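What follows is a short report on a single structure.
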Amino acid sequence: MAASFFPFRRRSYTVRALESADSEALAALHLEDFNRPWTEDEFTALLAEGAVFGFAAVEEGAPGAKPCGFVLARMAAGEAEILTLAVGHAYRRRGLGYMLMDAVLRHLHAERAEALFLEVDETNHPAIALYRRLGFREVGRRPEYYEHKATGRTAALVMRRDLR
Ligand SMILES: CC(C)(COP(=O)(O)OP(=O)(O)OC[C@H]1O[C@@H](n2cnc3c(N)ncnc32)[C@H](O)[C@@H]1OP(=O)(O)O)[C@@H](O)C(=O)NCCC(=O)NCCS
């Protein structure tokens with residue numbers, strides 16, 4: 001074999017349902033990106049709620065590996081909302097955010113839900129691009145909803161994805 005050949009492995013990922021044992025890893029991922037990180041206990045409490053569900057993206061062939069990204073949602077009276085979504089910095093732009101949101105949409109179709117809502121910072125262009133690609137449209141705007149230490153307040157866009 002040529003001396004210049006370096007063995008490599010293409011990583012692939014799978015999506016599975018969240019479990020309460022994931023709480024610590026979820027808190028660590030959440031901490032990477034949000035001004036007010038949620039604690040492990042908060043995740044444990046949310047996952048114990050009957051209406052809350054979510055998915056984790058994990059590397060295939062890596063037994064015991066922690067989630068690389070996750071999404072958490074809540075469903076009530078035929079409508080659902082995204083509570084949070086995060087993909088670890090090292091795993092971005094590999095399609096994991098899309099896979100996680102797609103898992104939520106498939107679950108909601110199976111549950112015959114009517115619509116999925118979310119709120120997103122108007123300056124969060126990667127997330128807005130992802131949501132638009134998934135068919136979300138803007139249905140509202142909450143001015144000065146988020147506070148940033150360095151840059152002041154920004155609005156939240158309320159987005160909706162019809163499921164029927
Ligand atoms: C938003 C986030 C979840 C996207 O996760 P991701 O795994 O990197 O996204 P994907 O690789 O699945 O991207 C899917 C599509 O979203 C859009 N997108 C994602 N990141 C983008 C970026 N940085 N710039 C522009 N578009 C982007 C693109 O359309 C992309 O498709 P493409 O790669 O074929 O162009 C991730 O950036 C993140 O965790 N951000 C911090 C937390 C956050 O903002 N959560 C949402 C709160 S509402």
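Under my numbering, read the sequence shown as residues 1 to 164, first letter to last.
Built from N, CA and C at the ideal position, the CB exists for glycine as well.
Source: prediction; values computed, not measured.
Taking the beta strand (DSSP E) that residue i falls in, what are its first and last residues?
| i | result |
| --- | --- |
| Ala57 | 52 to 59 |
| Glu144 | 137 to 148 |
| Arg16 | 13 to 17 |
| Ala155 | 152 to 162 |
| Gly69 | 69 to 76 |
| Phe117 | 115 to 121 |
Just mark residue i as buried or exposed, buried being the case when its beta carbon has 16 or more other beta carbons within 10 Å.
| i | result |
| --- | --- |
| Ala57 | buried |
| Leu108 | buried |
| Val104 | buried |
| Val139 | exposed |
| Gly95 | exposed |
Taking residue i as part of the alpha helix (DSSP H), name the residues at either end of that continuous run.
| i | result |
| --- | --- |
| Asp41 | 40 to 48 |
| Arg133 | 125 to 133 |
| Lys91 | The identity of residue 91 in the sequence shown is Tyr, whereas the question assumes Lys. Careful: Tyr91 lies outside any alpha helix (DSSP H) and carries neither H nor E. |
| Ala25 | 23 to 31 |
| Ala103 | 96 to 110 |
Under 7 Å Cβ to Cβ from residue i, same chain only, skipping five residues before and after it: list those, please.
| i | result |
| --- | --- |
| Asp155 | Sequence inspection shows Ala at residue 155; the Asp mentioned does not correspond to that position. Excluding positions up to five away in sequence, the list reads Glu122, Arg141, Arg142, Pro143, Glu144, Tyr145. |
| Gly54 | Leu18, Phe70, Val71, Leu72, Ala73 |
| Gly78 | Ala113, Glu114 |
| Arg11 | Glu59 |
| Arg164 | Glu114 |
| Arg137 | Met159, Arg160 |
| Asp33 | Ala86 |
In chain order, what residues of the same chain lie with their CB nearer than 8 Å to the CB of residue i, ignoring the 5 residues before and after it?
| i | result |
| --- | --- |
| Ala65 | Val58, Glu59 |
| Pro37 | Ala27, His30, Leu31 |
Give me, in chain order, the residues of the same chain whose beta-carbon lies closer than 6 Å to that of residue i; leave out the 5 immediate sequence neighbours on both sides.
| i | result |
| --- | --- |
| Phe117 | Glu81, Arg160 |
| Leu29 | Ala86, Gly88 |
| Ser20 | Thr44, Leu47 |
| Arg153 | Glu144, Glu147 |
| Thr84 | Leu72 |
What whole-angstrom Cβ distance do residue i and residue j have, given they're in contact under 8 Å?
| i | j | result |
| --- | --- | --- |
| Ser23 | Glu49 | Not really, about 13 Å apart at Cβ, beyond 8 Å. |
| Tyr13 | Cys68 | 7 Å |
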